[in-house]
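Here is the structure:
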């Protein structure tokens, strides 16, 4: 496919930045990049696309888009316990806007650089703004975190806090009243999510299942339950919230936490006998985790408010429109 | 990023088809796919995007789009001498049209299956039609074909024939008069290009440089010259044409061959002492190759019609609009 010559300029925003990894034999400049792994290593591969007008609008700064494109992909790597390594970028742009490109690429390189991963290649095309990143990460053989290993009795944990990104979107749409300082804090979580890369690696050999919370805790946890052929109880009173979210009503914050999406926290299951090792392993990961439920044999996800089971309709699900970023 | 539920249907077109490779530990269903290589193997990675209205229009059948998306990526792998292995698809669609999806995925799976490569994952989003594929291939350590190794004295070769795809585009735009049977033959090359996968692998250890011809022979050969810091002479009388292209004027067919693009042949350089081994190695690759020039020290690409040097303007370059698919 031929690339319009104007777009060759763009390469400078992506070619001469960031990490130079020893396992990259060739980066941009040939028909392919060439990388290699060491024996005993497996490779995790993920792809995420963000489309203008669907996944983001004009309110999202270009720097945040660059950050988020990397973050959502690294979050998928984190959910498998992988160490980020290589990125391939496919960017479709209506025009070469140098301010935009400079900000977008800075956002990408900042986060990629922090995790020592290298942009090894990609494609630049003209068209409606669409951003696709393929990220690859490294795993010790046989230590992949998967969705299908949860067992009855395992405890369900989640990292960080939930619901901030969804509340930010609601505030932007005037569906939620909050102070402008509060909105700004929430938007920080929406625009600049933190992939839980260290946590994912710390969970290797301990978690029986793991997923990243991108579509809302309830939906994502149900992926684990379904793939593991188990059920689970969620302790609503244990859901972790940020200080900002704690200023909202119980119904509101539970809704954003359960159904909001875009949190990029990790949800995972831990057998009882691993809980001690978990505490030790997490000292260095720099993120709090909270036990929010337990796996059992009864199919489906059930919600408990203290000792009382609550139905989905009792959670006020239909009171708020579904947030789709 | 949340995916609209309607789009979950789409997975069936991509999940349950094609190869199942032993080096794929996990395919779709988790946050990442997981693959592994054997010791002594390197990985070639390439990404190509095709955008509706820019790289293709309504005249291109969905099956051809699926074929071509795989072909252009495998062509990049071929140019490095890599053996195709894993594909990740990012597809952005305005709506879930089942006839279109069925045809598109069939085109993808047919070609991917022929080369034993597996679709391991990707992302499906709603938005303007944009197709991005990341393809990965395997290489014995240190045997990568690159662009920068051409040496003065090396012979320049090209596989197959040149210019058909560009002539097909010109015919579609009424810039070229040709019989409808002729146009159909040309369109077959435009819609269903053949990546030279076996040839690329056969050239390992023999070719000093290699590139796939996607932007037109002249432009792509100049990438080799520039990266190798050499010059080259092109023997215009040796350019290989299909029977269909041979019905055109000399000026026309030379133009399409040199500047047209979308051929997906391989252009490569071979040292004099390797020419014998080359003939032997190529018996099994199923594609003809033609010697079309020689590398020398004088910078730039120079064109020769017999013994006479011809300037670029003498090649009628400006008589025909540049074809951009």
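Chains as they are written, first to last, in full-length UniProt numbering: chain A, 1 to 325; chain B, 1 to 325.
For each residue, glycine too, the CB sits at the ideal point set by N, CA and C.
Between residue 295 of chain B and the set B:28, B:232, B:68, B:226, the nearest pair of CA atoms involves B:232. Closest in alpha carbon position to residue 175 of chain A, among A:252, A:21, A:34, is A:252. Residue 184 of chain A carries a helical assignment under DSSP once its states are collapsed to helix, strand and coil. With respect to the C-alpha of residue 107 of chain A, the residue from A:14, A:129, A:300 having the closest C-alpha is A:14. At a cut-off of 8 Å between beta-carbon atoms, residue 88 of chain A makes contact with chain B. With its beta carbon at least 8 Å from every one in chain B, residue 307 of chain A lies outside the interface.
Interface criterion not met: the Cβ of residue 196 of chain A is under 8 Å from no Cβ in chain B. Interface with chain A (8 Å Cβ-Cβ cutoff): residue 270 of chain B is excluded. At least one C-beta of chain B is nearer than 8 Å to the C-beta of residue 49 of chain A. Its Cα nearest to that of residue 90 of chain A, the residue A:50 stands out among A:50, A:254, A:60.
For the pair residue 92 of chain B and residue 37 of chain B, the CB atoms are not nearer than the 8 Å cut-off. The beta carbons of residue 94 of chain A and residue 128 of chain A sit closer together than 8 Å. Assignment of beta-bridge partners to residue 291 of chain B by DSSP yields B:157. Residue 92 of chain A carries a strand assignment under DSSP once its states are collapsed to helix, strand and coil. Contact residues of the stretch 103–127 of chain B toward chain A are 120, 121, 122, 123, 124, 125, 126, 127 (C-beta to C-beta distance below 9 Å).
The C-alpha of residue 157 of chain B is placed about 8 Å away from the C-alpha of residue 266 of chain B. C-alpha of residue 25 of chain B to C-alpha of residue 136 of chain B: approximately 15 Å in a straight line.
For residue 103 of chain A, DSSP assigns no beta-bridge partner whatsoever.
Between residue 55 of chain B and the set A:125, A:242, A:192, the nearest pair of CA atoms involves A:125. Out of A:239, A:255, A:81, the CA that lies nearest to the CA of residue 209 of chain A is found in A:81. Neighbours of residue 227 of chain B in chain A, taken as residues whose beta carbon is under 9 Å from its own, are 29, 30 in chain order. In the displayed model, residue 108 of chain B falls within a helix according to three-state DSSP. Residue 39 of chain B has a beta carbon lying within less than 8 Å of a beta carbon in chain A. A distance below 8 Å separates the beta carbons of residue 262 of chain A and residue 166 of chain A. In the three-state reduction of the DSSP assignment, residue 197 of chain A falls in the helix class, which pools H, G and I.
CA-to-CA, the gap between residue 198 of chain A and residue 78 of chain A works out to about 7 Å.
With respect to residue 270 of chain A, residue 147 of chain A sits apart: the two C-beta atoms are not nearer than 8 Å. Residue 249 of chain B and residue 44 of chain A have their C-alpha atoms some 52 Å from each other.
Sequence-distant partners of residue 42 of chain A (beyond 5 residues in either direction) whose C-beta falls short of 7 Å from its own C-beta, in its chain, are 139, 141, 144.
Residues of the same chain with a CB within less than 6 Å of the CB of residue 27 of chain A, apart from the 5 flanking positions on each side, are 33, 120 in chain order. Residues of chain A whose Cβ lies closer than 9 Å to the Cβ of residue 45 of chain B are, in chain order, 32, 33, 34, 35, 86, 88, 120, 121, 134, 136.
The Cβ atoms of residue 29 of chain B and residue 227 of chain A sit closer than 8 Å to each other. Taken in chain order, the unbroken stretches of beta strand (DSSP E) that lie wholly in the stretch 213–274 of chain A and span 3 residues or more are 231–235, 265–270. In terms of beta-carbon proximity, residue 212 of chain A lines the interface with chain B, with at least one pair separated by less than 8 Å.
Assignment of residue 164 of chain B by DSSP, reduced to helix, strand and coil, places it in the helix class. Residue environment: residue 73 of chain B is assigned as buried (16 or more neighbouring CB atoms within 10 Å of its CB, all protein chains considered).
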